[in-house]
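Participant: The structure follows.
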Amino acid sequence: MRWFCVIAIAVSSFALAEDLLPEQHRSSGQDAVYGQLLFSLHSGDYQKSLGLNQILQKRQGKKSTSLLQIQQATAMLGLGMSQQAKKQYKKLLRSKTNKDLSNATRAQAWFYLAKHFYDKGMWKTALQAIHQINVKDINPRLKDEFHFIAATLELFQGKATLADKHILAISTQSMWSAYAFLNLAVSYTERDVHTSKVEAVFEKAKLLTKYTAHPESLVDKINLMAGQFFFATGRGRSAIKHLKEVSLEGSFTSKALLTYGWALTEQWQYHDALQPWYMLKTNHSPLNQDVQETLIAIPHLLEKLNAKVMALGAFDYASEQYDLIYTQLEASALRLNTGEFIEPLLAQQVPDKWGAFSAIDLSLPDHPDRIYLKDVMSKSYFQGELKNLRDLHVMRSQLKSGIEQLSAFDQLQNTRQDEYLKIKNDKRINLTSRKLLKLNKRYKSLQNKISKAFNNPNGVGLASEYEKSQLARFNELKSDFNRLDGHSHYLQRLRRVEGVLKWSLSQRYYERKKEVSKNLAILDGKIKKTQNQLKAAKLAFRFSPKSFRGFDKKVTRLRNKYKSQLTRLDVVYQKQREKVGGIVKLDIKERQKLVMDYQLQARLAAARLFDETSNKHRVAAGTEFRQ
Amino acid sequence: MKAIRTSITVMLCLLSLLAPKITLAAAQADLDASIETLKSEVVQLNQELFELEEQLLYPATTEFAVFVSMEAVDDFAVASIKLTLDTEDITSYLYTAAQVEALRRGGIQKIFIGNLKPGLHKLSAQILGKDSDGRSLKRTVVADFGKARASKYLEIKISNNEKQNRPDFAIVEWK
Numbered sequence: 368m369r370w371f372c373v374i375a376i377a378v379s380s381f382a383l384a385e386d387l388l389p390e391q392h393r394s395s396g397q398d399a400v401y402g403q404l405l406f407s408l409h410s411g412d413y414q415k416s417l418g419l420n421q422i423l424q425k426r427q428g429k430k431s432t433s434l435l436q437i438q439q440a441t442a443m444l445g446l447g448m449s450q451q452a453k454k455q456y457k458k459l460l461r462s463k464t465n466k467d468l469s470n471a472t473r474a475q476a477w478f479y480l481a482k483h484f485y486d487k488g489m490w491k492t493a494l495q496a497i498h499q500i501n502v503k504d505i506n507p508r509l510k511d512e513f514h515f516i517a518a519t520l521e522l523f524q525g526k527a528t529l530a531d532k533h534i535l536a537i538s539t540q541s542m543w544s545a546y547a548f549l550n551l552a553v554s555y556t557e558r559d560v561h562t563s564k565v566e567a568v569f570e571k572a573k574l575l576t577k578y579t580a581h582p583e584s585l586v587d588k589i590n591l592m593a594g595q596f597f598f599a600t601g602r603g604r605s606a607i608k609h610l611k612e613v614s615l616e617g618s619f620t621s622k623a624l625l626t627y628g629w630a631l632t633e634q635w636q637y638h639d640a641l642q643p644w645y646m647l648k649t650n651h652s653p654l655n656q657d658v659q660e661t662l663i664a665i666p667h668l669l670e671k672l673n674a675k676v677m678a679l680g681a682f683d684y685a686s687e688q689y690d691l692i693y694t695q696l697e698a699s700a701l702r703l704n705t706g707e708f709i710e711p712l713l714a715q716q717v718p719d720k721w722g723a724f725s726a727i728d729l730s731l732p733d734h735p736d737r738i739y740l741k742d743v744m745s746k747s748y749f750q751g752e753l754k755n756l757r758d759l760h761v762m763r764s765q766l767k768s769g770i771e772q773l774s775a776f777d778q779l780q781n782t783r784q785d786e787y788l789k790i791k792n793d794k795r796i797n798l799t800s801r802k803l804l805k806l807n808k809r810y811k812s813l814q815n816k817i818s819k820a821f822n823n824p825n826g827v828g829l830a831s832e833y834e835k836s837q838l839a840r841f842n843e844l845k846s847d848f849n850r851l852d853g854h855s856h857y858l859q860r861l862r863r864v865e866g867v868l869k870w871s872l873s874q875r876y877y878e879r880k881k882e883v884s885k886n887l888a889i890l891d892g893k894i895k896k897t898q899n900q901l902k903a904a905k906l907a908f909r910f911s912p913k914s915f916r917g918f919d920k921k922v923t924r925l926r927n928k929y930k931s932q933l934t935r936l937d938v939v940y941q942k943q944r945e946k947v948g949g950i951v952k953l954d955i956k957e958r959q960k961l962v963m964d965y966q967l968q969a970r971l972a973a974a975r976l977f978d979e980t981s982n983k984h985r986v987a988a989g990t991e992f993r994q
Numbered sequence: 005m006k007a008i009r010t011s012i013t014v015m016l017c018l019l020s021l022l023a024p025k026i027t028l029a030a031a032q033a034d035l036d037a038s039i040e041t042l043k044s045e046v047v048q049l050n051q052e053l054f055e056l057e058e059q060l061l062y063p064a065t066t067e068f069a070v071f072v073s074m075e076a077v078d079d080f081a082v083a084s085i086k087l088t089l090d091t092e093d094i095t096s097y098l099y100t101a102a103q104v105e106a107l108r109r110g111g112i113q114k115i116f117i118g119n120l121k122p123g124l125h126k127l128s129a130q131i132l133g134k135d136s137d138g139r140s141l142k143r144t145v146v147a148d149f150g151k152a153r154a155s156k157y158l159e160i161k162i163s164n165n166e167k168q169n170r171p172d173f174a175i176v177e178w179k
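Just so you know, the protein sequences line up as chains A and B, in that order.
Counting in the numbering used here, the final residue of the first sequence is number 994, and the numbers go up one at a time with none missing.
Counting in the numbering used here, the final residue of the second sequence is number 179, and the numbers go up one at a time with none missing.
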């Protein structure tokens, strides 16, 4: 049964990040919320999907469709809310009158529900769900996986004939066939089937591993399982053959080396047996339970080889090591109480990554409990509980960041309100209006002046009073010019004077005209600018942003909700932490107990050997062993 | 009578032995249930916060959003989309296999949300992807659009051109 669990865990890793939903497509063209719900659901963002689902269900009220409810249940499964999801799924799927669900959809929903229970180790419930599926209705893409799960569950129930049917239905080129044959082999080992048959099935499983994602690792696993089986049934040679094939750098190395050593010992090959055990002792941490067993196995073997003094040294060494291991385990337990054990692990989890399909990041490079933690994580029950704790941790940081976000919203509102009030209380419109009025007045009077001054193109308008009188005099004198024929020199002088005066006047006229048009242009620009300012100020006044309004209450209400939720979550978090801690503590105690047993055996053996050996030999051999 | 008394005593003893286990199991089930309730409530709260954020940060008068959809296109897998609004690059997105599948199955992705002032604008989307034979495909679609004082939604639509057996790309305005 233990082996079944191992396979279940291995297989469940393939389910990660896979969506759980029956194939359903968006019906209406531009239903943005539903479209986004589908996108988040199928891409594994279950939290967003569930949130959008709640909006749609609220919007539709009692008319909410079954499909929406199934999608809700699916997202719940994805977030690890299996109890709620289970209720919903069952209620929906059992109702045969539900016309919204096609047979294919129903079959697929049952399949995913079964798969979920299978992954969780609730195999009886999983089998019930599997029995609801008609093979004809299942999506061809999922057929092999369906047969694999069905076969495994039937084997678990002891219904070998039914299991065989499912196994035969799996395509040989599917990765599931390798797992199915492995499960079959395991079931054979538990059913007293002839070893030749078991061997054949193990070999077949090995052949089929090439279609899996990690064939090397699976081959190692099959070899280890076969080796352990043959060793347990007293077939050392067959065991050795399989164990020899396990890679030396895989995750099954330590177990394979340990069993390999025992298998060789059983075959009286004591010298050869020492080699894998020394390898195991040298290359792996003493916290590894296989190494702990090796520590006592080595002197046991040395004693069998009649190297009693060396065996005594090895027993003493093992005893010291057990002391150290015991202390290390105690330190782990202490770190568990102070929070140094779990908290660093939780602190490094990816924010917003939570739910049943999001794996826990176990890479703690400098943490003293890293090896131990990885070891204890192989237990699926602990994995589930730790995932729950991680989810609570992520939710807690989400709530905290939500509260911070709400404070930022407060600030944003205040800024917007200030801006609004500033615009409303602004005197700019009045000031600009007045300024514009003045400018316009100035412009008008200037225009009048200019028209007066420049109306006369000969520049008379710009002449001074004296010059004007002179010009008038010239006009008066014009009639007298004719009479001055005899005095041409006088006439010429007079005309020269008139010419000089007019020339000077025209010069001044052009310069002044240039200057005036320049000033006029500047004034015109100012007026236009002021007009634009006035327009902008009026527009701003009209459309001043009131977007801060109405959010006050919402923000406050939401903040209160967040705070109370955080308080509740903290309580649950502490309880869950205690639960996880309890599991670890129990595990540590069991490990310590085992270490104590080993130590007792080592000490007893050492005492016995002490009596059997002389002091001189002991000193020499002890130093040699330690070296 | 004595026999009844004895059996009751035995029953009580058994119950007292079982009681801590039952209480422990019930407490654990309670804890699991409260974790699930918390999860559900937190999801709801976060959704409320998300809605509030959208309402507050992107008011209806200036809101501008771009969506991506891909309908019945089996021969094309989008790899990335880069959006340029007027002359500014506003976002770029890389797709995972699961997200491509989600689009294929009717999902709509809100690729961008922001604020935009009224007036005439130009959105350009550069789409990179691969066809079923693994050949890279790069297309740029451009749309000129006007923005009034109301929300504006555009959709980058990837659809299947059955006649030419290739994907079609377009920017569609939501009315």
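Cβ coordinates follow ideal geometry from the N, Cα and C atoms, glycine included.
Would you please verify whether the beta carbon of residue 769 (chain A) is less than 8 Å from any beta carbon of chain B?
Facilitator: So, interface residue.
Participant: So is residue 749 (chain A) in contact with chain B if we call contact Cβ pairs under 8 Å?
Facilitator: No, no contact with chain B.
Participant: Determine the chain B residues that contact residue 410 (chain A) at a beta-carbon separation under 8 Å, and present them in chain order.
Facilitator: Here the neighbours are 100, 102, 103, 105, 106, 111.
Participant: At the 8 Å Cβ level, is residue 167 (chain B) part of the contact set with chain A, yes or no?
Facilitator: Judged by the 8 Å Cβ criterion, residue 167 (chain B) is not in contact with chain A.
Participant: Beta-carbon of residue 39 (chain B) versus every beta-carbon of chain A: anything under 8 Å?
Facilitator: Yes, its Cβ sits closer than 8 Å to a Cβ of chain A.
Participant: With residue 646 (chain A) as the anchor, note down where its beta strand (DSSP E) starts and where it stops.
Facilitator: No beta strand (DSSP E) contains residue 646 (chain A), which is instead part of the alpha helix (DSSP H) from 637-650.
Participant: Opposite residue 134 (chain B) in the DSSP bridges: which residues?
Facilitator: Paired residues: B:81, B:140.
Participant: Out of A:608, A:588, A:602, A:629, which has the shortest C-alpha to C-alpha gap to residue 616 (chain A)?
Facilitator: Here the closest residue by C-alpha is A:588.
Participant: Could you tell me which residues DSSP puts in a beta bridge with residue 764 (chain A)?
Facilitator: Its beta-bridge partners do not exist; DSSP assigns none.
Participant: At 7 Å on the CB atoms, spell out the chain A contacts of residue 36 (chain B), in chain order.
Facilitator: 450, listed in chain order.
Participant: For a contact defined as C-beta to C-beta under 7 Å, what are the partners of residue 757 (chain A) on chain B?
Facilitator: Within chain B, no residue comes near residue 757 (chain A); the closest Cβ sits about 11 Å away, beyond 7 Å.
Participant: Check the C-beta distance from residue 119 (chain B) over to residue 157 (chain B) and give it rounded, since I have them as a contact under 8 Å.
Facilitator: That pair is no contact at about 14 Å.
Participant: At a cut-off of 7 Å, would you count residue 887 (chain A) as near the ligand MN, judging by its Cβ distance to the nearest heavy atom?
Facilitator: Absent from the structure shown: the ligand MN. Ligands present: none.
Participant: In whole angstroms, give me the CA-to-CA distance for residue 503 (chain A) and residue 476 (chain A).
Facilitator: Straight-line Cα distance between these residues: approximately 14 Å.
Participant: Under 8 Å by Cβ, that's how I've got residue 481 (chain A) and residue 471 (chain A) pegged, so tell me the actual separation to the nearest angstrom.
Facilitator: Contact doesn't hold; Cβ gap of about 16 Å is too wide.
Participant: Applying the 10 Å Cβ sphere with the 16-neighbour rule, what's the burial state of residue 680 (chain A)?
Facilitator: Answer is buried; the Cβ neighbour count reaches 16.
Participant: Using a 10 Å radius around the Cβ and a threshold of 16 neighbouring Cβ atoms, would you call residue 90 (chain B) buried or exposed?
Facilitator: Exposed: under 16 other Cβ atoms inside 10 Å.
Participant: Taking C-beta to C-beta, are residue 632 (chain A) and residue 669 (chain A) nearer than 8 Å?
Facilitator: No, the pair does not count as a contact, with Cβ atoms beyond the cut-off.
Participant: Compare the C-alpha of residue 842 (chain A) against each of A:665, A:535, A:862 and name the closest.
Facilitator: Of the listed residues, the one whose Cα sits closest to residue 842 (chain A) is A:862.
Participant: Should residue 814 (chain A) go down as buried or exposed, given a rule of 16 or more other Cβ atoms within 10 Å for buried?
Facilitator: Exposed: under 16 other Cβ atoms inside 10 Å.
Participant: Inspect the beta-carbon positions of residue 581 (chain A) and residue 594 (chain A) and report whether they are closer than 8 Å.
Facilitator: The answer is no: Cβ separation not under 8 Å.
Participant: Inspect the beta-carbon positions of residue 663 (chain A) and residue 965 (chain A) and report whether they are closer than 8 Å.
Facilitator: Contact: yes.
Participant: Hey, is residue 585 (chain A)'s beta-carbon within less than 8 Å of any beta-carbon in chain B?
Facilitator: Chain B, which has no Cβ nearer than 8 Å to the Cβ of residue 585 (chain A), makes this no.
Participant: Got a sec: is the Cβ-Cβ distance from residue 929 (chain A) to anything in chain B below 8 Å?
Facilitator: Yes, residue 929 (chain A) lies at the interface with chain B (some Cβ there is under 8 Å from its Cβ).
Participant: Apart from the five residues on each side of it in sequence, which residues of its chain come closer than 8 Å, Cβ to Cβ, to residue 579 (chain A)?
Facilitator: Only 542, 545, 546, 585 meet the Cβ criterion.
Participant: If we count the other Cβ atoms within 10 Å of its Cβ and call it buried at 16 or more, is residue 643 (chain A) buried or exposed?
Facilitator: Classification of residue 643 (chain A): buried, given that the 10 Å Cβ count is 16 or more.
Participant: Using the beta-carbon of each residue, which ones in chain B are nearer than 8 Å to residue 421 (chain A)?
Facilitator: Ordered by position in chain B, the residues that pass the 8 Å Cβ test against residue 421 (chain A) are 47, 48, 51.
Participant: How about residue 37 (chain B) and residue 450 (chain A): are their beta carbons less than 8 Å apart?
Facilitator: Contact flag set, yes.
Participant: So which residues of chain B does residue 417 (chain A) contact, with C-beta pairs closer than 7 Å?
Facilitator: Result: 47.
Participant: With contact counted as at least three CB pairs below 8 Å, one residue from each stretch, are the segment 133-150 of chain B and the segment 46-62 of chain B in contact?
Facilitator: Judged by Cβ distances under 8 Å, the segment 133-150 of chain B makes no contact with the segment 46-62 of chain B, as fewer than three pairs qualify.
Participant: Residue 398 (chain A) and residue 43 (chain B) - do their beta-carbons sit closer together than 8 Å?
Facilitator: It is not a contact, given that the beta carbons lie outside the stated cut-off.
Participant: Under a Cβ-count criterion, where at least 16 other Cβ atoms within 10 Å of its own Cβ denotes burial, should residue 572 (chain A) be classed as buried or exposed?
Facilitator: Buried, by the Cβ-count rule.
Participant: To the nearest angstrom, how far is the alpha carbon of residue 426 (chain A) from that of residue 419 (chain A)?
Facilitator: In a straight line, the C-alpha of residue 426 (chain A) is about 11 Å away from that of residue 419 (chain A).
Participant: Would you check if the segment 761-781 of chain A and the segment 734-743 of chain A touch, i.e. whether three or more CB-CB distances between them fall below 8 Å?
Facilitator: Contact between the segment 734-743 of chain A and the segment 761-781 of chain A is absent, because fewer than three Cβ pairs lie under 8 Å.
Participant: With a cut-off of 8 Å, does the C-beta of residue 599 (chain A) fall near any C-beta of chain B?
Facilitator: Not an interface residue.
Participant: So does the segment 932-942 of chain A actually touch the segment 691-706 of chain A, counting three or more Cβ pairs closer than 8 Å?
Facilitator: As far as the Cβ criterion goes, the segment 932-942 of chain A does not touch the segment 691-706 of chain A, which means the pair count is below three.
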